[in-house]
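For the sequence shown, our numbering gives the first residue as -19, with consecutive numbering after it.
C-beta atoms are modelled at their ideal positions from N, C-alpha and C, and glycine is treated no differently.
Keep in mind the model is a prediction, meaning the values are calculated, not measured.
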Amino acid sequence: MTEIVVRVRDLSVSYVRGSYAVKGVSFEVHRGELLYILGPNGAGKSTILKALIGAVKPSSGTIELFGTPIERFREWWRIGYVPQNAQAQLSRTPVSVEEVLRASRIPGRAMDAKEVLRLVGFAEPVEVLRRPLFQLSGGQFQRVLLAMALINAPQLLLLDEPTAYIDITGVSEFIRLINELNREMGTTVITVTHDVSAITAHRSSMVLCVNRDRSFFGTIGELVASEELCNVYGFHVLTLGHVPESGEK
Ligand code: ADP
-19 MTEIVVRVRD LSVSYVRGSY AVKGVSFEVH RGELLYILGP NGAGKSTILK ALIGAVKPSS
41 GTIELFGTPI ERFREWWRIG YVPQNAQAQL SRTPVSVEEV LRASRIPGRA MDAKEVLRLV
101 GFAEPVEVLR RPLFQLSGGQ FQRVLLAMAL INAPQLLLLD EPTAYIDITG VSEFIRLINE
161 LNREMGTTVI TVTHDVSAIT AHRSSMVLCV NRDRSFFGTI GELVASEELC NVYGFHVLTL
221 GHVPESGEK
């Protein structure tokens, strides 16, 4: 049995007394697995990631990271995190790709900047390093954010809506890149997304669907096979259903 990287039991988070952002969520992620967290806006997806990095405190329930209760977990270098809206906040900062990557490095752990840019799909990393952030396209920016999260070779990668700024044609390509990183580096990845159609090709990957007080944890295959589940979580079953067999993994 592979190591359990994340174990969440009966997690509830409340920001406002009497109402829950998430309620009773349980799931686990083994080393090397890919988990997608799906659900409508306001369903509690980002809250779950924030709870995993200790940025919000559970009202009840338990979280274990690499076998250690989160209250005692200290090895934060093992986790790479790309928050939602990072692009909106960073894109007006007058710095270069090289400078943000340098600022993200932990001495003694970090990979070479060019190597990490190659990993996230830049064929000419030297040229990219020189560029100011505001000169990057939406898709290039997201790949730089991914490079920042990956530079210290984390074992768990948490991505909150990484395709939010990418045009529709780039979304599947970005999801493919995440799958590749997962396969080639063995990184465990948890991705929050609402681009359900982009992930249906990866049917054996796990999904956690949330809608505040409801949740479903299973495979993408199970999700797309159930009209009822799709209805509960607000997905269009027709879009999901039309996945060619050849696209399956
Ligand atoms: P999602 O990522 O699925 O869109 P969120 O986890 O961001 O959902 O939010 C879940 C619910 O919690 C929403 O109703 C949101 O308004 C509320 N919420 C999120 N952050 C805060 C906060 N800091 N204070 C109060 N309410 C919050």
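CB of Arg111 within 8 Å of CB of Pro105, strictly
no
Which complete beta strand (DSSP E) runs does the region 82 to 141 hold, if anything under 3 residues is left out?
136 to 140
Decide if Gln115 is buried, meaning its Cβ has at least 16 other Cβ atoms within 10 Å, or exposed.
exposed
What are the start and end residues of the beta strand (DSSP E) that includes Arg(-11)?
-16 to -7
Host alpha helix (DSSP H) of Asp151 (start-end):
Correcting the residue type first, residue 151 is Val in the shown sequence and not Asp. Element bounds for Val151: 148 to 165.
Beta carbon of Ile170, beta carbon of Leu138: below 8 Å?
yes
Give a yes or no on whether the C-beta atoms belonging to Leu15 and Leu126 are separated by under 8 Å.
no
Identify the residues that DSSP records as bridge partners of His10: which are they?
Ile(-16)
At a cut-off of 7 Å, would you count Val96 as near ligand 1, judging by its Cβ distance to the nearest heavy atom?
no
Any heavy atom of ligand 1 closer than 7 Å to the beta-carbon of Ser39?
no
Is the beta carbon of Leu32 closer than 8 Å to that of Val(-14)?
yes
Test: Ser(-6) CB closer than 8 Å to a CB of chain B
Of the protein chains in this structure there is only one, and it is not chain B.
Residue interval of the beta strand (DSSP E) (run including Val212)
Counting along the chain, Val212 falls outside any beta strand (DSSP E), though it belongs to the alpha helix (DSSP H) covering 207 to 213.
Following the continuous alpha helix (DSSP H) through Gly41, name the residue where it begins and the one where it ends.
Unbroken run through Gly41 is the beta strand (DSSP E), 40 to 45; no alpha helix (DSSP H).
Does DSSP put Arg58 in a helix, a strand or coil?
helix
Nearest to Trp56 by CA position, among Val124, Leu45, Arg72, is which residue?
Leu45
Rounded to whole angstroms, what is the Cα-Cα separation between Val77 and Val190?
35 Å
Residues in its own chain within less than 6 Å of Thr(-18) by CB, not counting five upstream and five downstream?
His10, Arg11
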